[in-house]
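Numbering that gives the first Met the number 0 puts the last residue of the sequence shown at 211; the count rises by one with no breaks. Cβ coordinates follow ideal geometry from the N, Cα and C atoms, glycine included. Notes follow the structure.
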Amino acid sequence: MYNKNFIVVEGIDGSGKSTLCHFLVDLLNCIGIKKVLLVRDPGGNYFSEKIRNLVLSSKINYSNVSKKSILLMMYASRIQLIEKTIIPAINSGYYVVSDRFHLSTLAYQGYGWNVIDKKLIYILNENFVNFYPYLTIYLDISPLIAIKRLLSFRKLDFIESQGIGFLYRIVSFYRKYFRKRNNVIILNGNLDKKKVFLELKSKILSLFKKYK
Ligand SMILES: Nc1ncnc2c1ncn2[C@@H]1O[C@H](COP(=O)(O)OP(=O)(O)OP(=O)(O)O)[C@@H](O)[C@H]1O
Ligand SMILES: [Mg+2]
Numbered sequence: 000m001y002n003k004n005f006i007v008v009e010g011i012d013g014s015g016k017s018t019l020c021h022f023l024v025d026l027l028n029c030i031g032i033k034k035v036l037l038v039r040d041p042g043g044n045y046f047s048e049k050i051r052n053l054v055l056s057s058k059i060n061y062s063n064v065s066k067k068s069i070l071l072m073m074y075a076s077r078i079q080l081i082e083k084t085i086i087p088a089i090n091s092g093y094y095v096v097s098d099r100f101h102l103s104t105l106a107y108q109g110y111g112w113n114v115i116d117k118k119l120i121y122i123l124n125e126n127f128v129n130f131y132p133y134l135t136i137y138l139d140i141s142p143l144i145a146i147k148r149l150l151s152f153r154k155l156d157f158i159e160s161q162g163i164g165f166l167y168r169i170v171s172f173y174r175k176y177f178r179k180r181n182n183v184i185i186l187n188g189n190l191d192k193k194k195v196f197l198e199l200k201s202k203i204l205s206l207f208k209k210y211k
């Protein structure tokens, strides 16, 4: 089920998603959409944040954890987010912007790791979530630039520190996936923030004019 009040921002770590999400919320407010809820996935409410902390904890030795177990944790967090936060918010008139969603799981746990059957991820998604954004914004960036950005101010988490090949597989999945879709805005994340914001602004304004 596609929902017209649901927007997702996708891209690899350090591509500028969280920064862009805040800009998008301000932009929507400026064009008269005052009720906007920003969430992140995994996470986004009390229980889902607990799961996020467990999955991304620096205290756990992940070489001893089954990848399928991590996949299910991602879905446990997402199911809780959809049922208890996103759907109730949309039902009470909110737009919801989500920093990552299902495609991140397909990209990271599916194509990045490349050990779990992607069909399994589709099955989980269709049976437990089955909720799709009307619009996805994809920040396309070179993995080298993204990693450099992140390392300039923090350590990488367990999922991020799996090598550059891992990130290249993810980017190549995203690019292929979005090439065939039309409900997507693709932004050049290599550009400086101001340019990225301006590009988004002009695309969002023309999109919202079209559907008014
Ligand atoms: N276009 C840009 N050019 C340069 N720096 C940027 C740009 N966009 C964001 N940044 C900076 O890069 C850093 C990472 O950005 P941000 O946290 O938004 O990325 P992210 O995709 O949300 O990363 P993560 O996946 O780790 O959550 C921040 O310090 C942010 O200010
Ligand atoms: Mg972020």
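> Of the residues V96, S97, L123 and D98, which one's Cα is nearest the Cα of G109?
Replying inline: As a working mapping, residue 109 is identified with position 110 in the sequence shown. The residue with the shortest Cα to Cα distance from G109 is L123.
>> The alpha helix (DSSP H) that contains R174, what's its start and end?
In response: Position 175 of the sequence shown, counting from 1, holds the residue named residue 174. Run containing R174: I163 to R178, per the alpha helix (DSSP H) assignment.
>> Just list the residues that DSSP pairs L134 with in beta bridges.
In response: Here residue 134 is taken as the residue at index 135 of the sequence shown, counted from 1. According to DSSP, which records beta bridges pairwise, L134 is partnered with I6.
> Which one or two residues does DSSP pair with I184 in a beta bridge?
Replying inline: Here the question's residue 184 lines up with position 185 in the sequence shown. In DSSP, I184 forms a bridge with I136.
> Got a sec? Which residues, its chain only, sit under 7 Å from R14 by beta carbon, not counting five neighbours each side?
Replying inline: Here residue 14 refers to the residue found at position 15 when the sequence shown is read from its first residue. Reading off the sequence shown, one finds Ser at residue 14, where the question assumed Arg. These residues qualify, in order along the chain: L138, I140, A145 and G188.
> If you count every other CB in all the chains shown that lies within 10 Å of the CB of E125, and 16 or more means buried, which is it?
Replying inline: Here residue 125 corresponds to residue number 126 of the sequence shown, with the count starting at 1. Exposed is the call here.
> Taking buried to mean at least 16 other C-beta atoms within 10 Å of its own C-beta, is F152 buried or exposed?
Replying inline: Start at 1 with the first residue of the sequence shown, and residue 152 comes out as number 153. By the neighbour-count rule (16 or more Cβ atoms within 10 Å), F152 is not buried but exposed.
>> By the three-class DSSP mapping on this structure, what secondary structure does S97 have?
In response: Looking up residue 97 in the sequence shown gives position 98. Three-state DSSP puts S97 in a strand.
>> Let's test the definition: count the other Cβ atoms within 10 Å of the Cβ of N4 and tell me whether it reaches 16, buried, or not, exposed.
In response: Within the sequence shown, numbered from 1, the residue matching residue 4 stands at position 5. The residue is buried, with at least 16 neighbouring Cβ atoms inside 10 Å.
> Quick one: what's L37 bridged to in DSSP?
Replying inline: In the sequence shown, residue 37 corresponds to position 38, counting from 1. Looking at the DSSP output, L37 sits in a beta bridge with V96.
> Should R148 be counted as a contact of ligand 1 given a C-beta to heavy atom distance under 7 Å?
Replying inline: Along the sequence shown, one-based indexing puts residue 148 at 149. Yes, Cβ of R148 sits closer than 7 Å to a heavy atom of ligand 1.
> In terms of residue numbering, what span does the alpha helix (DSSP H) encompassing I50 cover?
Replying inline: Position 51 of the sequence shown, counted from the first residue, corresponds to residue 50. Start and end: Y45 to V54.
> Skipping 5 residues on each side, what residues in its chain have a beta carbon closer than 6 Å to that of A88?
Replying inline: On the sequence shown, residue 88 is found 89 positions in, with the first residue counted as 1. Once the five neighbours on either side are set aside, the close Cβ partners of A88 are L36 and V95.
>> If the criterion is Cβ atoms closer than 8 Å, does the pair A106 and I32 meet it?
In response: Translated into positions along the sequence shown, residue 106 becomes position 107. Translated into positions along the sequence shown, residue 32 becomes position 33. No, they are not a contact pair.
>> Considering only heavy atoms of ligand 1, does any lie closer than 7 Å to the CB of V214?
In response: With the chain covering only 0 through 211, there is no way to say anything about residue 214.
> Contact check, Y131 vs M0 under 8 Å by CB: the rounded distance?
Replying inline: The residue you call residue 131 lines up with position 132 of the sequence shown. The residue you call residue 0 lines up with position 1 of the sequence shown. Confirmed, about 7 Å.
> How about Q97: is its Cβ closer than 7 Å to a heavy atom in ligand 2?
Replying inline: Residue numbering aside, residue 97 sits at position 98 when the sequence shown is read from its first letter. Looking at the sequence itself, residue 97 is Ser, so the reference to Gln does not match. Flag unset: Cβ of S97 not near ligand 2.
> What are the residues that DSSP puts in a beta bridge with Y1?
Replying inline: For the purposes of this step, residue 1 is taken as residue 2 along the sequence shown, with counting starting at 1. DSSP lists Y131 as partners of Y1.
> How close, in whole Å, do the beta carbons of C20 and D116 come, if the pair is a contact with beta carbons under 8 Å?
Replying inline: Counting from one through the sequence shown, the residue named residue 20 turns up at place 21. Counting from one through the sequence shown, the residue named residue 116 turns up at place 117. Contact flag wrong, Cβ pair sits at about 31 Å.
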